[in-house]
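Residue numbers (this note's numbering), protein chains in the order written: chain A, 2 to 302; chain B, 27 to 296; chain C, 449 to 886. For reference, the structure discussed in these notes is given below.
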Amino acid sequence: MAASSRRWSPGRRKRQAWLTAGLFLFPAIALYLVFAFIPTLEVFEYSLNRWDGISPDREWVGLGNYDRLFGDRIFWEAFFNTVEWTAIIVVINVGLGVVLAAILARKIKGRIFFQTCMFIPVIQAPITTAIIWRWMYQPNGAINEGLNAIGLGFLATPWLGDLTTALPALAIAHSWSTLGLSIVIFLAGLQAVDDELYDAAKIDGATPVQAFWYITLPALRPVTAVVFVLTATAAFKAFDLIWGTTQGGPIRATEILATYMYKRGVLENNYGYGSAVAVALLVIVTLAMAVYLYMQARRDD
Amino acid sequence: MSRKPLVYGLLTLVSLLMLAPLLMTAFTSLKPAEELVSPPWVPPLAPTFEHFVTTWIDANFNTYFLNSVIISTVDALVMIVIASAAAYALTFLKFPGKPLIYALLLAGLMIPPTAIILPLYVTEQRLGLLNTHLGVILADLALAVPIFIFLMSAYFRRIPKELRDAARVDGASEIQVYWRVILPISTPAIITTGLLEFLWSWNDLLLRLLFLTQDNLRTLTVGMLFFQGTQTRDISGLTSAAMIMAIPIIIIFIIFQRHFVQGMTQGAVK
Amino acid sequence: MIKRHISLVVAATALSGTMAISALAQTEIEIWVGGEPGTANVYDDLAAAYMAANPDVQINVTKVGSDLFNPVLVPSLSGGEGPDVFMYGTGPGQPAAIINGGLVADLTPYYRQYGWDAMIPESIENTTSSDGRLWAVGNEVENTAMFYNRAIFDELGLDVPETWADFEATVEALIEAGYDTPIGLGAADRWPISHWQSMLFGRFASPAGVEDVMFGDGAWTEAAFVDASALLQQMTEEGYFGPNPVANGYAEIMDSFWAGDIPMTFTGPWIVPGAVQSLGDGIADYGTFQVPPMADDQAIHPTEDIGSGFYVNANSEHLDVSADILDFFFFNNDSRLMLLNNGTIPIGSLTELLPDSTLPAITADLRAQIDSHRPNGTIHAFLDTVTPASMTNVTYDGLQALMLGVMTPEQFVEAIQAEWEAAKADGAILMPGGVADN
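Written out as structure tokens, the structure reads:
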């Protein structure tokens, strides 16, 4: 009896563990599979065809679309733009986000007010954000007028009409509309930091900058990973802001993979090729995130 | 003490930069037609609510508003339950194949909705979900659930394992532990999830435009689109619609922010 | 008690009312329209008028945002769903996929049955038909012209330029007077540059030259198109469009134009309804003129295109009713007057409509100007909407590159020709237009 029970228990326990976990996971995973993951696999299947998205017959071309993709100069242009775009956004959201969250976490007067102000851009619909930033970046728009007013007129430039400034300018606009979220996540992370640590540091004569460097930053490491992944994936997928301002222009200065995919696949009725761009986008981001998380995990060990 | 002005100076500057666009939107929405040629940062001289009235009544925004409220509320509530349940399993339970589930969900973070509209449409069509709010809600949940599972897991990981183990030793089932022990101390994560899912659902356009073609089912974002043509735009309609969309969210955020901060301090587990 | 009784009666009446309606309304027609804010509303009125005359038909007009029309329409059409009637691009390029895919109904039988040929002008028939069959009914005629601020011209003692030299002198005078953007463009939005491109291409190549490329053996690399592109680049370099035209958005440029900061802009009458709303009688300060010929051997060819056309879904269960609705919307004078008064210029002659219309003077004047030059032959107003979408993107990129001076006119025409040939090889360009005789 005892022997058989010992023999069977690992299997039964395993099944039991599966059942319990399955119960908790089922609603989320089932929805995700049906409405997100399987459609994505279908996109992969489309990418192996020549198809306009309309006619009933598709022409199987195997890896033909990918072959074309690797030789597509515009694809690579869009790829490097996407990398630059994402890098700027991540640097701003993580860097400025940490600093502002650290300030807001201290017991200062009006912190709820400031925190709300910083979250306001996050709540605006993307279409509004695009319209606003178009206004701001016009040659006679708010930014150049503002620079003139404070005597920095020499910095005024046609932001969205210049091949070198357009992408960074829009990346800043994207950061503006998402920074509030990074701050909130960092703030949540800072709740875990023991106030006594700061008090002790103060007694030891540490400056606030030293306290930030030696206490706040190390404590925020796990949350930084969350902000990094969220910010980077949102940046990779960003579409509305660019579409509502430059549509990838001037020329292709702000063409990122998401806009390129839309132009090729949807506007040009070239779903096969557009799907290949989408799959490339997906693979690139997944790889980048996997490498980042792997390195993060190794550092934590 | 001398750095206080510096801190406040920085905070005020950043806050102003963050608020300015909303103010400009508000200014424009209140400008009568003759004042529209003035720059957006100039406040209206004779503010008027007429654009709000036209937008609300003529552009059918009362119906759109109700639809947005229904979809976003259901989205937020269901998301809280399914994301926290999945995060509970991933954080506290031991089962084979966990890394696979993680990898699957991680891939989900990367899916750009614009890339999958065609197969998603076919899925909705096969399931008879076109022109139903349910169809939009299910797709919303599916596309955002990975993010919230990760957010919830990050929060759950900070809860000491002993808390859960103690409850299990006392004879509580996993569901009881999840519902009675873990969820009650996870208010900040719950509020963050609910708030963000509500917000994203409120502002989403693509899925609503795609799946809801009957006017009585449509949402605010779709309604807003009618003020923006390819060649012209109705800036009064657009800005008043933007304000109609933004105000409820601002109010909700301010209300929950207080709970959010309270929840943080009370829920902090040492 | 009595109150309750009354409410019962009311409820019963209401119920029988709905039943009566549902018994009558056997045919439901779904129509999807895009278009500019406000203008799409006229289709609600037209649908109401049709339903009043045909109580057995229920029409649902659904507005789909213009920018996202394609991603919404394509999945529903290919899924065998979608509207009975919908708006879509025309020309030899844009609708090729839906026509070749068999998703839209052949309207030729209705064209003959209703005698639509009497009203559809040849140039529009060419872009709504192919292979001898009619696929769409053009719903709106659009023209482009130079809009100018009369007050500024009067103040500086400037007249409407008659020759290219006059035009150059006018621009110089405006720059000297401190208008650093003599002609507003809004090149950040890309499509406004194509208005200039379409006009210049048409003027340099003549209508026959453009048609020869569209439907014949001609190529975009011919000298006329190089010269036209070179002129656009030269005008940009000389500051005709201001210091940073590629940074300007179209909507923002129009704001400055109506505010009196920009004296001229090359655009179309679709901007008039919005301007009347904000300027009121101030619209009288604005006028239009045709850009003078750029060389002695050129004539003024008015630009004209249809913004889009109405198609009937091949899978619709009500082809006849759908066609009947199109006939009602676009081929009877009451409907056409409704369109006209809404700021949508219907196809066909306006002579009979104009006396009863409430069209603003500026639009009516423009129309008269165009009609007076019509004998010279019309040219495309929007080459970008009648060529394949793949070519449109290359054109937009190239036009911005031309304006920024990073591409030569020769490189530009070669780039669009390459894309044109690729589209032809792909079958994305339809056969020549024109409906075959019986």
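Using N, Cα and C, we set each Cβ at its ideal position, and we do this for glycine too.
Query                                                                                                                                                                                                    : Result
Within a Cβ cutoff of 6 Å, which residues of the same chain sit near His821 (chain C), ignoring the five residues on either side of it in sequence?                                                      : Ile748, Pro750
Helix, strand or coil for Arg152 (chain B) per DSSP?                                                                                                                                                     : helix
Identify whether Ile710 (chain C) lies in helix, strand or coil by the three-state DSSP scheme.                                                                                                          : coil
Is any beta-carbon of chain C found at less than 8 Å from that of Lys15 (chain A)?                                                                                                                       : no
I want to see whether chain B comes within less than 8 Å of Leu198 (chain A), judged by CB atoms only; does it?                                                                                          : no
Taking the beta strand (DSSP E) that Phe595 (chain C) belongs to, which residues open and close that run?                                                                                                : 593-597
So if I threshold CB-CB distances at 8 Å, which residues from the stretch 194-214 of chain B count as touching chain A?                                                                                  : Glu200, Ile201, Tyr204, Pro214
With DSSP as the reference, please indicate the residues paired to Met535 (chain C) in a beta bridge.                                                                                                    : C:Phe758
DSSP has Gln506 (chain C) in a bridge; who is on the other side?                                                                                                                                         : C:Glu476
Please tell me whether Ala126 (chain A) has its Cβ less than 8 Å away from any Cβ of chain B.                                                                                                            : yes
Would you tell me roughly how many angstroms separate the C-alpha atoms of Leu410 (chain C) and Met851 (chain C), rounded to the nearest one?                                                            : Chain C is shown from 449 up to 886; residue 410 (chain C) falls before or after that span and cannot be answered.
For the ligand MN, any of its heavy atoms closer than 7 Å to the Cβ of Ile204 (chain A)?                                                                                                                 : The model depicted lacks the ligand MN and carries no ligand whatsoever.
Answer yes or no: do Thr117 (chain B) and Phe240 (chain A) have a C-beta to C-beta separation smaller than 8 Å?                                                                                          : no
Do Ile55 (chain A) and Ile793 (chain C) have their beta-carbon atoms positioned less than 8 Å apart in this structure?                                                                                   : no
Quick check: what's the CA-CA separation for Phe778 (chain C) versus Asn587 (chain C)?                                                                                                                   : 7 Å
Quick test of the definition: if touching needs 3 or more C-beta pairs under 8 Å, does the stretch 98-111 of chain A touch the stretch 238-254 of chain B?                                               : no
For Thr51 (chain B), which residues in chain A fall below 7 Å Cβ to Cβ?                                                                                                                                  : Thr129, Ile133
Give, in chain order, every residue of the stretch 505-517 of chain C whose Cβ lies closer than 9 Å to some Cβ of chain B.                                                                               : Asn508, Val509, Thr510, Lys511, Val512, Gly513, Ser514, Asp515, Leu516
Where does Leu582 (chain C) sit, in a helix, a strand or coil, going by DSSP?                                                                                                                            : strand
Applying the criterion that 16 or more other CB atoms from any shown protein chain within 10 Å of the CB defines a buried residue, is Met290 (chain A) buried or exposed?                                : buried
Please name the residue, chosen from C:Phe517, C:Ala553, C:Ser805, C:His643, that lies closest to Gln848 (chain C) on a Cα-to-Cα basis.                                                                  : C:His643
At 7 Å on the CB atoms, spell out the chain A contacts of Leu551 (chain C), in chain order.                                                                                                              : Ile55
For Arg300 (chain A), is the classification buried or exposed, using 16 other Cβ atoms within 10 angstroms of its Cβ as the cut-off for buried?                                                          : exposed
Which runs of the alpha helix (DSSP H) at least 4 residues long sit entirely within the stretch 113-201 of chain B? Give them in chain order.                                                            : 124-136, 143-152, 159-182, 187-195
Using the Cβ count rule (16 or more neighbours within 10 Å means buried), how would you classify Phe652 (chain C)?                                                                                       : buried
So, is the C-beta of Glu700 (chain C) closer than 8 Å to a C-beta in chain A?                                                                                                                            : yes
Against Ile143 (chain B), what residues of chain C qualify as contacts under a CB-to-CB distance less than 8 Å, listed in chain order?                                                                   : Pro519, Pro523
Does any residue of chain C bring its CB to less than 8 Å from the CB of Ala168 (chain B)?                                                                                                               : no
Could you tell me whether the stretch 727-743 of chain C touches the stretch 556-575 of chain C, where touching means 3 or more Cβ pairs closer than 8 Å?                                                : no
Report yes if the CB atom of Thr840 (chain C) is closer than 8 Å to the CB atom of Phe714 (chain C), and no otherwise.                                                                                   : no
Drop a sphere of 10 angstroms on the beta-carbon of Ser199 (chain B), count the other beta-carbons inside from all chains shown, and report buried for 16 or more, exposed for fewer.                    : exposed
Residues in its own chain within less than 6 Å of Ile469 (chain C) by CB, not counting five upstream and five downstream?                                                                                : Residue placement at Ile469 (chain C) cannot be trusted, given a pLDDT of 47 that sits under 50; what the coordinates show is reported in the next sentence. Closer than 6 Å at the Cβ level, and outside the excluded window around Ile469 (chain C), lies no residue.
Starting from the C-beta of Asn508 (chain C), find all residues in its chain whose C-beta is less than 6 Å away, skip the five residues before and the five after it, and write them out in chain order. : Glu478
Express the C-alpha separation of Ile877 (chain C) and Thr835 (chain C) in angstroms, rounding to a whole number.                                                                                        : 8 Å
Mark Ile243 (chain A) as exposed unless 16 or more other C-beta atoms lie within 10 angstroms of its C-beta, in which case mark it buried.                                                               : buried
Determine the burial state of Pro803 (chain C): buried for a count of at least 16 other Cβ atoms within 10 Å of its Cβ, exposed for fewer.                                                               : exposed
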